[in-house]
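To keep things clear, I will list the structure first and then write my remarks on it.
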Amino acid sequence: MQPLNYYYYNVLESFEKPSDVPAVQLQEGYDLLYRYGGRVEIDLIERAQAAYAQGQSFPWYDALDDEQRDKLRQALSDINPAKILKLMQRNGYASVLYQHARKGYQPGQPEISQAVP
75 MQPLNYYYYN
85 VLESFEKPSD
95 VPAVQLQEGY
105 DLLYRYGGRV
115 EIDLIERAQA
125 AYAQGQSFPW
135 YDALDDEQRD
145 KLRQALSDIN
155 PAKILKLMQR
165 NGYASVLYQH
175 ARKGYQPGQP
185 EISQAVP
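To convert a position in the sequence shown, counted from 1, into the numbering used here, add 74.
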(Lines of atoms letter the chains of each structure in order from A and count residues from 1; the text may use other names and numbers.)
(Lines give C-alpha, C1' and ligand atoms only; values in the text may rest on other atoms or scores of the structure.)
Protein backbone atom coordinates (compact mmCIF):
# COMPACT_ATOMS: atom_id res chain seq x y z
CA MET A 1 0.00 0.00 0.00
CA GLN A 2 1.23 3.46 -0.86
CA PRO A 3 1.47 6.00 1.97
CA LEU A 4 -1.41 8.44 2.30
CA ASN A 5 0.65 11.39 1.14
CA TYR A 6 1.11 9.62 -2.21
CA TYR A 7 -2.63 9.57 -2.76
CA TYR A 8 -3.16 13.12 -1.56
CA TYR A 9 -0.40 14.40 -3.80
CA ASN A 10 -1.05 12.35 -6.96
CA VAL A 11 -4.67 11.24 -6.87
CA LEU A 12 -6.28 14.42 -5.60
CA GLU A 13 -4.79 16.42 -8.45
CA SER A 14 -6.94 14.51 -10.94
CA PHE A 15 -10.23 14.69 -9.04
CA GLU A 16 -12.00 17.65 -10.51
CA LYS A 17 -11.90 19.78 -13.60
CA PRO A 18 -11.02 23.36 -12.69
CA SER A 19 -14.42 24.49 -13.94
CA ASP A 20 -16.24 22.09 -11.58
CA VAL A 21 -14.93 23.52 -8.32
CA PRO A 22 -13.67 27.08 -7.75
CA ALA A 23 -9.91 27.10 -7.15
CA VAL A 24 -10.23 28.37 -3.57
CA GLN A 25 -12.67 25.58 -2.65
CA LEU A 26 -10.59 22.99 -4.50
CA GLN A 27 -7.49 23.93 -2.54
CA GLU A 28 -9.52 24.00 0.67
CA GLY A 29 -10.73 20.48 -0.11
CA TYR A 30 -7.17 19.27 -0.63
CA ASP A 31 -6.03 20.89 2.58
CA LEU A 32 -8.88 19.51 4.68
CA LEU A 33 -8.52 15.96 3.41
CA TYR A 34 -4.79 16.06 4.02
CA ARG A 35 -5.07 17.71 7.44
CA TYR A 36 -7.53 15.16 8.80
CA GLY A 37 -5.38 12.30 7.53
CA GLY A 38 -8.09 9.90 6.43
CA ARG A 39 -10.74 10.60 9.05
CA VAL A 40 -13.00 12.38 6.54
CA GLU A 41 -13.07 9.34 4.25
CA ILE A 42 -13.79 6.95 7.12
CA ASP A 43 -16.51 9.21 8.53
CA LEU A 44 -18.23 9.64 5.16
CA ILE A 45 -18.37 5.91 4.41
CA GLU A 46 -19.58 5.11 7.94
CA ARG A 47 -22.40 7.63 7.51
CA ALA A 48 -23.23 6.35 4.02
CA GLN A 49 -23.45 2.75 5.21
CA ALA A 50 -25.56 3.68 8.24
CA ALA A 51 -27.98 5.63 6.04
CA TYR A 52 -28.10 2.75 3.53
CA ALA A 53 -28.93 0.28 6.32
CA GLN A 54 -31.80 2.54 7.43
CA GLY A 55 -33.16 2.83 3.88
CA GLN A 56 -32.22 6.52 3.57
CA SER A 57 -29.20 6.11 1.34
CA PHE A 58 -27.20 8.93 -0.17
CA PRO A 59 -27.81 9.25 -3.93
CA TRP A 60 -24.14 8.72 -4.80
CA TYR A 61 -24.02 5.58 -2.64
CA ASP A 62 -27.15 4.21 -4.33
CA ALA A 63 -25.54 4.79 -7.73
CA LEU A 64 -22.64 2.47 -6.89
CA ASP A 65 -22.95 -1.16 -7.88
CA ASP A 66 -22.69 -3.95 -5.30
CA GLU A 67 -19.06 -4.66 -6.16
CA GLN A 68 -18.03 -1.06 -5.46
CA ARG A 69 -20.01 -0.98 -2.21
CA ASP A 70 -18.30 -4.21 -1.14
CA LYS A 71 -14.91 -2.67 -1.91
CA LEU A 72 -15.81 0.38 0.18
CA ARG A 73 -16.98 -1.85 3.03
CA GLN A 74 -13.72 -3.80 2.87
CA ALA A 75 -11.65 -0.61 2.85
CA LEU A 76 -13.61 0.63 5.87
CA SER A 77 -13.14 -2.62 7.77
CA ASP A 78 -9.41 -2.49 6.96
CA ILE A 79 -9.36 1.19 8.05
CA ASN A 80 -7.81 2.12 4.72
CA PRO A 81 -8.75 5.72 3.85
CA ALA A 82 -6.39 5.74 0.87
CA LYS A 83 -8.39 2.91 -0.73
CA ILE A 84 -11.65 4.75 0.00
CA LEU A 85 -10.21 7.86 -1.61
CA LYS A 86 -9.12 5.90 -4.67
CA LEU A 87 -12.52 4.19 -5.05
CA MET A 88 -14.38 7.48 -4.72
CA GLN A 89 -12.13 9.03 -7.37
CA ARG A 90 -12.52 6.12 -9.78
CA ASN A 91 -16.29 6.24 -9.46
CA GLY A 92 -16.44 9.99 -10.03
CA TYR A 93 -17.56 10.97 -6.53
CA ALA A 94 -14.47 12.82 -5.32
CA SER A 95 -16.42 16.04 -4.96
CA VAL A 96 -18.56 14.29 -2.33
CA LEU A 97 -15.44 14.01 -0.18
CA TYR A 98 -14.72 17.71 -0.63
CA GLN A 99 -18.24 18.69 0.34
CA HIS A 100 -18.19 16.38 3.34
CA ALA A 101 -14.83 17.79 4.44
CA ARG A 102 -16.02 21.36 4.02
CA LYS A 103 -19.56 21.11 5.38
CA GLY A 104 -20.37 17.77 6.96
CA TYR A 105 -17.28 16.65 8.84
CA GLN A 106 -16.62 18.14 12.22
CA PRO A 107 -13.29 17.12 13.72
CA GLY A 108 -14.43 17.68 17.29
CA GLN A 109 -17.13 15.01 17.13
CA PRO A 110 -16.47 11.56 18.58
CA GLU A 111 -15.23 9.19 15.93
CA ILE A 112 -16.06 5.52 15.56
CA SER A 113 -12.67 4.64 14.07
CA GLN A 114 -9.98 5.88 16.38
CA ALA A 115 -7.25 3.81 14.69
CA VAL A 116 -6.78 6.30 11.85
CA PRO A 117 -3.89 8.66 12.69
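We put the CB at the ideal spot given by N, CA and C, even for glycine.
Please read all numbers here as calculations on a predicted model, not as lab measurements.
Could you work out which residue in the options is closest to residue i when comparing CA atoms only?
{"i": "V170", "options": "R109, D117, G111", "result": "D117"}
{"i": "S151", "options": "I119, H174, Y126", "result": "I119"}
{"i": "R147", "options": "A122, Q130, W134, P133", "result": "A122"}
Does the separation of the CB atoms of residue i and residue j fall below 8 angstroms?
{"i": "E115", "j": "I153", "result": "no"}
{"i": "R176", "j": "G103", "result": "yes"}
{"i": "W134", "j": "Y179", "result": "no"}
{"i": "A149", "j": "L161", "result": "yes"}
{"i": "I125", "j": "F132", "result": "Checking the sequence shown, residue 125 turns out to be Ala, not Ile. Yes, they are a contact pair."}
Hey, could you find the ends of the alpha helix (DSSP H) residue i is sitting in?
{"i": "S151", "result": "140–151"}
{"i": "A124", "result": "113–127"}
{"i": "Y135", "result": "133–137"}
What is the DSSP secondary structure of residue i, counted as helix, strand or coil?
{"i": "G166", "result": "coil"}
{"i": "Y172", "result": "helix"}
{"i": "Q101", "result": "helix"}
{"i": "Y108", "result": "helix"}
{"i": "E185", "result": "The pLDDT assigned to E185 is 45, lower than 50, so where the model puts this residue is not dependable, and the model offers no usable value."}
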